[in-house]
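S.K.:
2 protein chains.
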Amino acid sequence: METRELRYFVAVAEELHFGRAADRLGIAQPPLSRAIQRLERRLGVTLLERTSRSVALTEAGSVLLREGRAALDAVDAAGRRTRRAGTGRPGLVLAAKAGASSELLTKLLDAYAAEPGAVDVEVMLCGIAQQERLLRDGRADVALLHRPYDSTTGLDTEDLRTESQVALLPAGHPFSTRAELRMAEVVALPGLPMPRWPGPDGGYPDGPGPEVRDHTQLLQLIALGRATAVLPESCRVHLSSDLAAVPVADAPPVTTVIAWPPQSRSRPLADLVRTATRL
Amino acid sequence: METRELRYFVAVAEELHFGRAADRLGIAQPPLSRAIQRLERRLGVTLLERTSRSVALTEAGSVLLREGRAALDAVDAAGRRTRRAGTGRPGLVLAAKAGASSELLTKLLDAYAAEPGAVDVEVMLCGIAQQERLLRDGRADVALLHRPYDSTTGLDTEDLRTESQVALLPAGHPFSTRAELRMAEVVALPGLPMPRWPGPDGGYPDGPGPEVRDHTQLLQLIALGRATAVLPESCRVHLSSDLAAVPVADAPPVTTVIAWPPQSRSRPLADLVRTATRL
DNA sequence: GGCGGCGATACCCGGCGGGTATCGTCGCGG
DNA sequence: CCGCGACGATACCCGCCGGGTATCGCCGCC
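Chains V and W are the protein sequences, given in the same order. Residue 230 in the numbering used here sits at position 137 of the first sequence; the count goes up by one each step and never skips. Residue 371 in the numbering used here sits at position 278 of the second sequence; the count goes up by one each step and never skips.
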């Protein structure tokens, strides 16, 4: 199986429409049809159920979609990491959610920079739940994640710290003076829905509440009185005066972990991980 | 990057010889040289340092070798799993070392077969340290591993049980009547070296001691008075009378784990894992 | 110094990837 | 009920790229 074929199939499987997929791939529709047919013939498996009005994934097709994405990520990662290894710049790329764990991040970067043999660390600030992707396709070498929000399956990790969570409310909200809240109270706040985060696929789940991409967006929405959210208590350090934080007694504790792709313990990475665990 | 190019590069990087690599790939040498040149040009990186007398990997080349193997495994896995999903046979393939944990394996298979919704489980008995590879390239869905001998990095796992280890000796050996031994005594047994196991790459480490591929080979060598070994105590159940087992006080305990590739929790796999943890 | 092994180069061919034109099917609206 | 339009499949053509053979250039070694 060639990566081009995989890329073609993934495009069609995502669009469920040969024309749009061909468009996205920058080729015409007929060669795309042929490529998919050949792929099916070679695998001996029907991947797509098509009529002239619709395209649907078969069971095998959805397996290939999932596995093919992972394989393409691995191929991309190989290319990117090789390029990085070749063209000077042997530094590390660390991915972190914009606005999360910032004081831990500064402490980590400072401590690591003081280590003997430290290399340049490029910080890649990204949206929610993007870090796993960045690690998998080689754009990042190491990331800060937050369990249980982020999935760590298939990554090597070390726990860094665990903290409880607080509810963020607009300053002056009646609940903002409470000593603590419960999850049931927070989710039921009238006029203040919990926002929706993008999933690992970049899509948003259905439901009420505004769609939110990063922490600054979120904080602004809360300050505007349009939403509320439950976040790790370390977010308090950069709260502006228009926001209030109230502990949530029964929210699950959040563990910040440092994660990296398996089988990639280079010296600089190992040093960074060791530094992190000693903070 | 196309998978063909990756396959070509991996072959050359492993052989460090264009002629032999071309031979292995079933093509002539000139197209192989061109393919590698094009790959280097596209990546903008020198992968191989060649003179007319030798070929050596650059730093970037060894990165691409490691990452490329993983990517090729992922592509192979995508193909194999898709084929399996398409052509009926939606069963599970379980990989286990031949001769290890056999009574746990039988118990697991029996218990799972009794579950509602159980599917066929094909058992793939393999050599030492082969299971990780089988999981990665899609030939197996789930495996039994033994920490700390087997690496579990990049795999999802559940612990099943932990046991201490015993030294295996030829029956009648002076030490065979001892109540317990220490590691230092076992490794120093005159005339009874510890055998060498293949690593994950299939190669054997250097050193004294016979090369061993699986447990039956090993047991036979011990019975013949040519070797000794330290194994989990569950190996006692199938000891023949020509072997003796003596507990080793300071050997690290061995944990049997069930492992599967990340992001692949199909219903049957989840059922099997759940059954295993309940044994 | 000549021989032989090895990677690179030169040159040729066939197949495959990609393009345009067009067909066959089917849902839908008048 | 018929015609239109959307969409995937088919037909056919072209240029490039993957692969082959022949040969060169380099260099270690007898």
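By construction, the Cβ of each residue, glycine as well, lies at the ideal position given by its N, Cα and C atoms.
Are residue 211 of chain W and residue 224 of chain W touching if we call contact CB-CB under 8 Å?
M.R.: Translated into positions along the second sequence, residue 211 of chain W becomes position 118. Translated into positions along the second sequence, residue 224 of chain W becomes position 131. Going by C-beta atoms, residue 211 of chain W is not nearer than 8 Å to residue 224 of chain W.
S.K.: As a quick exercise: from V:151, V:116, V:286 and V:167, pick the residue whose alpha carbon is nearest that of residue 142 of chain V.
M.R.: Start at 1 with the first residue of the first sequence, and residue 142 of chain V comes out as number 49. Closest by alpha carbon: V:151.
S.K.: What residues are listed by DSSP as bridge partners for residue 217 of chain W?
M.R.: Sequence index remark: in the second sequence, residue 217 of chain W carries index 124 (1-based). Per DSSP, W:188.
S.K.: Report the CB separation of residue 95 of chain V from residue 97 of chain W in whole angstroms; it is logged as a contact under 8 Å.
M.R.: Looking up residue 95 of chain V in the first sequence gives position 2. Looking up residue 97 of chain W in the second sequence gives position 4. Contact flag correct, Cβ pair sits at about 6 Å.
S.K.: Tell me whether the segment 98-106 of chain W and the segment 121-134 of chain W touch, counting them as touching only if at least three CB pairs, one residue from each stretch, are closer than 8 Å.
M.R.: The answer is yes - the segment 121-134 of chain W touches the segment 98-106 of chain W, with three or more Cβ pairs under 8 Å.
S.K.: So residue 107 of chain W is in the beta strand (DSSP E); what residue range does that whole segment cover?
M.R.: What you label residue 107 of chain W is simply residue 14 of the second sequence in a count that begins at 1. Note, residue 107 of chain W: premise wrong, no beta strand (DSSP E); alpha helix (DSSP H) at 96-108.
S.K.: Can you check which of these residues, V:149, V:366, V:169 and V:157, is closest to residue 162 of chain W by C-alpha distance?
M.R.: Taking the second sequence and counting its residues from 1, the one referred to as residue 162 of chain W is at position 69. Checking every option, the nearest Cα to that of residue 162 of chain W belongs to V:169.
S.K.: Could you check if residue 160 of chain V is buried or exposed, using at least 16 other CB atoms within 10 Å of its CB as the buried criterion?
M.R.: What you label residue 160 of chain V is simply residue 67 of the first sequence in a count that begins at 1. Answer is buried; the Cβ neighbour count reaches 16.
S.K.: Of the choices W:322, W:174 and W:312, whose alpha-carbon is the least far from that of residue 335 of chain W?
M.R.: Looking up residue 335 of chain W in the second sequence gives position 242. Among W:322, W:174 and W:312, the Cα nearest to that of residue 335 of chain W belongs to W:312.
S.K.: Verify whether the separation of the beta carbon atoms of residue 156 of chain V and residue 260 of chain V is less than 8 Å.
M.R.: If you number the first sequence from 1, residue 156 of chain V lands on position 63. If you number the first sequence from 1, residue 260 of chain V lands on position 167. No, Cβ-Cβ distance for residue 156 of chain V and residue 260 of chain V is not below 8 Å.
S.K.: Could you check which residue in V:176, V:158, V:108 and V:115 has the C-alpha nearest to that of residue 148 of chain V?
M.R.: Within the first sequence, residue 148 of chain V is the residue found at index 55, counting from 1. Cα-wise, what sits closest to residue 148 of chain V is V:108.
S.K.: Within its chain, find whatever has a CB closer than 8 Å to the CB of residue 309 of chain V; leave out the 5 residues flanking it on each side and keep chain order.
M.R.: For the purposes of this step, residue 309 of chain V is identified with residue 216 of the first sequence, where counting begins at 1. Excluding residues within five positions, the ones whose Cβ falls inside 8 Å are 191 and 192.
S.K.: Near residue 227 of chain V, which residues of its chain fall below 7 Å by C-beta distance, leaving aside the five closest residues on each side in sequence?
M.R.: Looking up residue 227 of chain V in the first sequence gives position 134. 188, 217, 219, 233 and 236, listed in sequence order.
S.K.: If you draw a straight line from the alpha carbon of residue 229 of chain V to that of residue 167 of chain V, how long is it in whole angstroms?
M.R.: Counted from its first residue, the first sequence places residue 229 of chain V at position 136. Counted from its first residue, the first sequence places residue 167 of chain V at position 74. Distance between the alpha carbons of residue 229 of chain V and residue 167 of chain V is about 7 Å.
S.K.: Between the Cα of residue 231 of chain V and those of V:357, V:302, V:123 and V:121, spot the shortest distance and give me the residue it belongs to.
M.R.: Here residue 231 of chain V is taken as the residue at index 138 of the first sequence, counted from 1. If we check each option's Cα against that of residue 231 of chain V, V:357 comes out closest.
S.K.: Quick one: measure Cβ to Cβ for residue 305 of chain W and residue 283 of chain W, integer angstroms, because I've assumed they're closer than 8 Å.
M.R.: Mapped onto the second sequence, residue 305 of chain W falls at position 212. Mapped onto the second sequence, residue 283 of chain W falls at position 190. Not really, about 20 Å apart at Cβ, beyond 8 Å.
S.K.: Among all the DSSP beta bridges, which residues are the ones paired with residue 255 of chain W?
M.R.: Residue mapping note: residue 255 of chain W aligns to position 162 of the second sequence, counting from 1. BP columns for residue 255 of chain W point to W:348.
S.K.: Kindly provide the ranges of any beta strand (DSSP E) runs that are 3 or more residues long and lie completely inside the segment 117-148 of chain V, ordered along the chain.
M.R.: Complete beta strand (DSSP E) runs here, min 3: 141-143.
S.K.: Is DSSP giving residue 301 of chain W helix, strand or coil here?
M.R.: Here residue 301 of chain W refers to the residue found at position 208 of the second sequence. The answer is coil: DSSP assigns residue 301 of chain W none of H, G, I, E or B.
S.K.: Of all the CB atoms in chain W, is at least one closer than 8 Å to the CB of residue 286 of chain V?
M.R.: Position 193 of the first sequence, counting from 1, holds the residue named residue 286 of chain V. No - not a single Cβ of chain W is within 8 Å of the one on residue 286 of chain V.
S.K.: Can you find a CB in chain W that lies within less than 8 Å of the CB of residue 364 of chain V?
M.R.: Counting from 1 along the first sequence, the entry for residue 364 of chain V is found at position 271. No, residue 364 of chain V does not count as interfacial toward chain W.
S.K.: Can a CB atom of chain V be found closer than 8 Å to the CB of residue 168 of chain W?
M.R.: By one-based count along the second sequence, residue 168 of chain W stands at place 75. Yes, contact with chain V.
S.K.: What did DSSP end up calling residue 240 of chain V once you bin it into helix, strand or coil?
M.R.: Numbered from its first residue, the first sequence carries residue 240 of chain V at position 147. DSSP places residue 240 of chain V in strand when its eight states are reduced to three.
S.K.: Within 10 Å of its beta-carbon, does residue 277 of chain V have 16 or more other beta-carbons around it, so buried, or fewer, so exposed?
M.R.: Residue numbering aside, residue 277 of chain V sits at position 184 when the first sequence is read from its first letter. So residue 277 of chain V ends up on the exposed side.
S.K.: Measure the alpha-carbon distance for residue 318 of chain V versus residue 158 of chain V and round it to whole angstroms.
M.R.: Counting from 1 along the first sequence, the entry for residue 318 of chain V is found at position 225. Counting from 1 along the first sequence, the entry for residue 158 of chain V is found at position 65. Looking at the two C-alpha atoms, the distance is approximately 41 Å.
S.K.: Identify the continuous alpha helix (DSSP H) that holds residue 361 of chain V and give its terminal residues.
M.R.: Counted from its first residue, the first sequence places residue 361 of chain V at position 268. Start and end: 360-371.
S.K.: Quick test of your reading: residue 291 of chain W and residue 301 of chain W, contact by CB under 8 Å. State the CB separation rounded to the nearest angstrom.
M.R.: For the purposes of this step, residue 291 of chain W is taken as the residue at position 198 of the second sequence. For the purposes of this step, residue 301 of chain W is taken as the residue at position 208 of the second sequence. Contact flag wrong, Cβ pair sits at about 16 Å.
S.K.: If you measure beta-carbon to beta-carbon, which residues of the segment 345-359 of chain V are closer than 7 Å to chain W?
M.R.: Per Cβ criterion, the list reads 355 and 356.
S.K.: In this structure, does DSSP put residue 340 of chain W in helix, strand or coil?
M.R.: Position 247 of the second sequence, counted from the start, is the residue given in the question as residue 340 of chain W. Residue 340 of chain W falls in the strand class under three-state DSSP.
S.K.: Could you compute how far the alpha carbon of residue 124 of chain V sits from the alpha carbon of residue 112 of chain V?
M.R.: Against the first sequence, residue 124 of chain V aligns to sequence position 31. Against the first sequence, residue 112 of chain V aligns to sequence position 19. Roughly 11 Å between the two C-alpha positions.
S.K.: Sort V:146, V:119, V:116 and V:102 by Cα distance to residue 127 of chain V and report the nearest one.
M.R.: Taking the first residue of the first sequence as position 1, residue 127 of chain V is located at position 34. If we check each option's Cα against that of residue 127 of chain V, V:102 comes out closest.
S.K.: I'd like to know whether the C-beta of residue 160 of chain V is nearer than 8 Å to at least one C-beta of chain W.
M.R.: In the first sequence, counting from the first residue as 1, residue 160 of chain V sits at position 67. Closer than 8 Å to some Cβ of chain W, the Cβ of residue 160 of chain V qualifies, so yes.
S.K.: Which residues in the same chain as residue 201 of chain V place their Cβ atom closer than 7 Å to its Cβ, once the five residues preceding and following it in sequence are excluded?
M.R.: Looking up residue 201 of chain V in the first sequence gives position 108. Excluding residues within five positions, the ones whose Cβ falls inside 7 Å are 368, 369 and 372.
S.K.: The beta strand (DSSP E) that contains residue 324 of chain W, what's its start and end?
M.R.: Translated into the one-based positions of the second sequence, residue 324 of chain W becomes position 231. Where residue 324 of chain W is concerned, the enclosing beta strand (DSSP E) stretches over 322-325.
S.K.: Just to make sure I have the definition right: I need the residues of chain W whose C-beta is within less than 9 Å of the C-beta of residue 249 of chain V. Which are they?
M.R.: Here residue 249 of chain V refers to the residue found at position 156 when the first sequence is read from its first residue. Correct list: 246 and 247.
S.K.: Under a three-way DSSP split, which group does residue 274 of chain W fall into?
M.R.: Within the second sequence, numbered from 1, the residue matching residue 274 of chain W stands at position 181. DSSP places residue 274 of chain W in strand when its eight states are reduced to three.
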